[in-house]
Amino acid sequence: MEMIPLIGELLIGIIILAGALLGVLSAFGLIRLPDVYLRSHAATKSATLGVLLILTGAFLYFAFYLDHISAKLLLGIVFVFITGPVAGHLNARAAYRSGVALWERSVQDDLKPALKKSRKEKH
Amino acid sequence: MSLQILLNLIIAFVWMFLNNEWSFLSFTVGYIIGIILIGLLRRFWPYDFYMLKVWAVIKLLLLFLKELMISSFTVIGQIIRPKLAIRPGIFAYTTELESDWEITVLSCLICLTPGTLTLDIAKNGRTLYIHAMDIEDAEIISLQIKQTFEKAIMEVTR
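Residue numbers (the working numbering), protein chains in the order written: chain A, 1 to 123; chain S, 124 to 281.
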């Protein structure tokens with residue numbers, strides 16, 4: 001009987017710790033990676049998953065130990081999950097359109113000719 | 124499809140009326156009976172049974188979660204590698220999906236797959252420009268997009 005709360009606590013602890021670690025690692029990625037597009041890779045994926053894990057851990061803790069089903073946390077999970085990738089996409093798109101250069105070791109750029117063509121058609 | 128859901132709700136309410144019991148439990152029982160009835164009578168509908176769509180949506184959500192897991196661990200793996208061994212680039216990908224809704228879901232999925240990020244969508248709405256962390260994988264990535272994501276999205280929308 002005493003084992004179950006212990007295992008539950010351990011599990012929730014591991015979930016929250018994993019989320020925090022993912023957050024730290026993606027912050028490290030922001031420092032390490034060379035250009036804005038690669039940085040937004042790190043920021044959209046790992047940070048989103050980190051926040052999701054922390055929120056899930058908090059939700060499980062409230063549900064099992066305080067007998068409180070927090071619908072706000074569930075809504076928060078859904079919102080972060082939907083808006084994370086969209087924010088990453090919009091940041092990268094705005095950066096590209098305003099002419100931020102790719103990293104010099106990038107090998108391929110299909111967007112540049114297409115963008116040039118569509119701008120020429122507009123004028 | 125919405126007509127089937129409405130009919131299912133009506134069956135659930137009729138069940139509650141028949142039992143004269145107004146609780147969540149009897150609503151659930153009535154709803155399950157409605158699902159079974161509509162499933163049995165599905166050949167009279169001009170379109171598919173709606174639970175198939177619900178199942179496809181659940182599968183798509185699970186795919187989202189799985190891709191999010193895989194991709195964040197791939198990105199972490201690239202970040203903590205002592206020497207940066209990535210060759211980023213942008214490649215164009217032509218999709219077969221048509222409506223705005225489908226393409227939005229597809230580009231969200233691409234943003235969450237390992238090493239890819241949607242950068243721009245062409246005016247015609249058919250070509251996606253994707254920034255990949257490792258351009259050597261571009262072929263594999265586009266094959267994967269074609270085979271798994273587009274198929275999963277099409278199952279939901281048509």
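Ideal placement from N, C-alpha and C gives every residue a C-beta, glycine not left out.
Neighbouring residues, chain A, relative to residue i (Cβ below 9 Å)
i: S/THR241; result: PRO85, GLY88, HIS89, ALA92, ARG93
i: S/SER230; result: PRO85, VAL86, HIS89
Cβ neighbours of residue i in the same chain (closer than 6 Å, five flanking residues each side left out)
i: A/ALA103; result: Sequence check: residue 103 of chain A is Trp here, not Ala. Excluding residues within five positions, the ones whose Cβ falls inside 6 Å are PRO34, ASP35.
i: A/ALA95; result: VAL36
i: A/LYS45; result: none
i: S/ILE244; result: LEU251
i: S/GLU225; result: ILE276, THR280
i: S/VAL228; result: ILE276
Contact check, residue i vs residue j, beta carbons under 8 Å
i: S/LYS235; j: S/SER194; result: In the sequence on display, residue 235 of chain S carries Leu and not Lys. In this structure, S/SER194 lies closer than 8 Å to S/LEU235 by Cβ.
i: S/ALA215; j: S/THR241; result: no
i: S/GLY200; j: S/ALA255; result: no
i: S/THR197; j: S/GLY238; result: yes
i: S/GLY157; j: S/ALA135; result: yes
i: S/ASP257; j: S/ARG210; result: yes
i: A/THR48; j: A/PHE81; result: yes
i: A/ALA42; j: S/ILE253; result: no
i: A/TYR61; j: A/ILE4; result: no
i: S/THR218; j: S/GLU259; result: no
i: A/GLY88; j: A/SER40; result: yes
i: S/MET139; j: S/PHE150; result: yes
i: A/SER98; j: S/LYS246; result: no
Within chain S, partners of residue i - CB distance below 9 Å
i: A/ARG134; result: Look at the range of chain A in this structure, 1 to 123, and you will see that residue 134 of chain A is not part of it.
i: A/ALA71; result: None at all; the shortest Cβ gap to chain S is about 16 Å.
i: A/LEU102; result: PRO211, GLY212, ILE213, HIS254
i: A/LEU11; result: The contacting residues do not exist; A/LEU11 stays about 17 Å from chain S at best.
Cβ shell of residue i (< 8 Å), same chain only, five flanking positions each side left out
i: A/ILE77; result: LEU52, LEU55, THR56, PHE59
i: A/ALA63; result: ILE69, SER70
i: S/PHE167; result: none
i: S/GLU190; result: LEU232, LEU235, THR236, PRO237
i: A/ALA20; result: GLY50, ILE54
i: S/ILE165; result: One detail in the question is off: residue 165 of chain S reads as Arg in this sequence, not Ile. Here the set comprises ASP171, PHE172.
i: S/GLN127; result: ILE161, TRP168, PHE172, TYR173
i: S/SER230; result: THR241, ILE244, LEU251
i: S/LEU130; result: GLY157, ILE161
Neighbour list for residue i in chain A, Cβ cutoff strictly below 7 Å
i: S/ALA245; result: ALA114
i: S/LEU235; result: LYS45, PRO85
Interface partners of residue i on chain S, CB under 7 Å
i: A/ARG32; result: ILE202
Beta-carbon contacts of residue i that lie in its chain and below 7 Å, excluding the five residues immediately before and after
i: S/ILE268; result: TYR216, ILE233
i: A/VAL100; result: VAL36
i: S/LYS176; result: MET124, VAL279
Within chain A, partners of residue i - CB distance below 8 Å
i: S/VAL198; result: SER26, GLY29, HIS41, ALA42, LYS45, SER46
i: S/GLY238; result: HIS41
CB contact below 8 Å: residue i versus chain C
i: S/PRO205; result: This model lacks chain C altogether; the protein chains it does include are A and S.
Partners in chain S for residue i, counting only beta-carbon separations shorter than 8 Å
i: A/LEU49; result: LEU191, MET192, SER195
i: A/LEU22; result: SER195, ILE199
i: A/LEU38; result: ILE209, PRO211, MET256
Closer than 7 Å: residue i CB and nearest the ligand PLP heavy atom
i: A/LEU55; result: The model on display carries no ligand, and the ligand PLP is accordingly not part of it.
Using Cβ-Cβ distances below 8 Å, what residues of the region 170-192 of chain S are close to chain A? PHE187, LEU191, MET192
Going residue by residue through the region 41-106 of chain A, where are the continuous alpha helix (DSSP H) segments of at least 4 residues, counting only ones entirely within it? 71-97
Which residue spans inside the region 165-245 of chain S form an unbroken alpha helix (DSSP H) run of at least 4? 173-202, 223-235
If the cut-off is 9 Å on Cβ atoms, which residues from the region 54-67 of chain A count as contacting chain S, listed in chain order? none
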